[in-house]
Amino acid sequence: MDRRLVAHIASDLDLRADEELERLDLGSFVRATAAYDAPPEERLRQLAIALEARVSFDSPLREWGAVERVYAAAIRLEPEDWVLHSSRSICASRLAEVATDPRDVERLVRASDESLRRALELAPDAAELHYLAGYNTYVHRTGSTEDALGELERAIELDGLHGFARLYRAHCLHDLERFEEAAAAYDDVPQGAFRGPTSWRMDLLVEQRAHCRGMAGDLDGARADFERVLTRYEREPHLALYAPPRYRRWAADAFPELADRVEAVEAAATGHSS
5 MDRRLVAHIA SDLDLRADEE LERLDLGSFV RATAAYDAPP EERLRQLAIA
55 LEARVSFDSP LREWGAVERV YAAAIRLEPE DWVLHSSRSI CASRLAEVAT
105 DPRDVERLVR ASDESLRRAL ELAPDAAELH YLAGYNTYVH RTGSTEDALG
155 ELERAIELDG LHGFARLYRA HCLHDLERFE EAAAAYDDVP QGAFRGPTSW
205 RMDLLVEQRA HCRGMAGDLD GARADFERVL TRYEREPHLA LYAPPRYRRW
255 AADAFPELAD RVEAVEAAAT GHSS
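Next comes the structure, spelled out in structure tokens:
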């Protein structure tokens, strides 16, 4: 990725009103960025990614219209580039997650799945695509949890260090109440897989693993996990805001000696958010 190109795109978009973003002259964009070290379809893909982050309309479907026309132009230039289809799929999936109108959700999920199927036709052994297929199935409920699990396990076969694939495999097993397997699957998520803005996932993972251990009968392991994560939240209360309270509340019921600590963590996190 050419960082200069990314900076050029961001600077250009910042100068434009939202309404302009729906009718960008894509031919002019390709010509204006010809000096950058990337083929035109990749420059358009970078534009689409930046546009998705920049547009802010009252409807996710309208945002999709602005971004999708850029992807369509890129795909016309290189229809067999699986990365273009994958990026288009990811964009539609993200917008489906924030859409509230069921008809919009359905349309966006359909667009995401269509692009992902095409990407898989072009790159059937790409681990990232099988992860995305599992993720979409799990999050958008377009198939069974077992279907999602199968795709995620295929991704792991292709890339054993794929952190998100391992995490969502554990989620599937957790939802299927295969608690002992799920606890082991959470253990298999690579340490350090999530850093920076996603580091909160590792704390939530500890809570989820603890719940699975407890449900599988390993109460000592569950208590140790909850004590570990509560200590972390006591030091940094804002971290608890990222994790839904359901597992901590389960811990408070399962381990009465932890109830006061759970309550204090919840209160501190609430105070930190206000």
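Here the numbering used here = 1-based position in the sequence shown + 4.
The beta carbon of each residue, even a glycine, is placed where N, CA and C say it ideally should be.
On the CB-based measure, 16 or more other CB atoms within 10 Å of its CB, does residue i come out buried or exposed?
i, result
"Val102", "exposed"
"Thr104", "exposed"
"Arg8", "exposed"
"Thr37", "buried"
"Ala57", "exposed"
"Gly200", "exposed"
"Glu132", "buried"
"Thr235", "exposed"
"Glu67", "buried"
"Pro241", "buried"
"Asp264", "exposed"
"Thr202", "exposed"
"Ala169", "buried"
"Ala187", "buried"
"Ala54", "buried"
"Asp257", "exposed"
"Ala11", "exposed"
Going by beta-carbon coordinates alone, are residue i and residue j separated by less than 9 Å?
i, j, result
"His307", "Ala174", "Past the edges of the chain, shown from 5 to 278, lies residue 307, and the structure says nothing about it."
"Gln212", "Tyr246", "no"
"Arg138", "Ala152", "Before going on, a small fix: residue 138 reads as Gly here, not Arg. In this structure, Ala152 lies closer than 9 Å to Gly138 by Cβ."
"Ala96", "Val113", "yes"
"Leu280", "His134", "Since the first residue of the chain shown is 5 and the last is 278, residue 280 is not available in this structure."
"Leu262", "Ala255", "yes"
"Leu99", "Leu65", "yes"
"Arg232", "Leu223", "no"
"Ala52", "Asp6", "no"
"Asp207", "Leu243", "yes"
"Phe230", "Arg250", "no"
"Phe259", "Ala220", "no"
"Glu26", "Gly69", "yes"
"Ala214", "Ala228", "yes"
Nearest CA to the CA of residue i: which residue from the options?
i, options, result
"Gly31", "Arg8, Ala76, Asp62", "Ala76"
"Glu118", "Ala228, Glu157, Thr146", "Thr146"
"Asp129", "Ala258, Gly196, Glu155", "Glu155"
"Ala78", "Val34, Tyr237, Arg111, Cys176", "Val34"
"Val109", "Val143, Pro194, Arg182", "Val143"
"Val71", "Ser93, Ala258, Ala228", "Ser93"
"Pro106", "Ser63, Glu185, Ala14, Glu150", "Ser63"
"Val193", "Ala271, Arg252, Gly164", "Gly164"
"Arg239", "Phe183, Ala268, Asp257, Pro248", "Ala268"
"Asp179", "Thr149, Arg205, Phe198, Gly196", "Thr149"
"Asp85", "Arg111, Ala127, Val59", "Ala127"
"Tyr40", "Phe61, Ser60, Ile13, Glu157", "Ile13"
"Trp204", "Glu185, Arg182, Tyr237, Asp16", "Tyr237"
"Leu209", "Glu181, Pro248, Glu270", "Pro248"
### Task
Check whether the segment 116 to 128 touches the segment 84 to 98, taking contact to mean three or more Cβ pairs, one atom from each stretch, closer than 8 Å.
yes
### Message
Under 8 Å, with one C-beta from each stretch per pair, do the segment 40 to 50 and the segment 14 to 28 reach the 3-pair mark?
### Response
no
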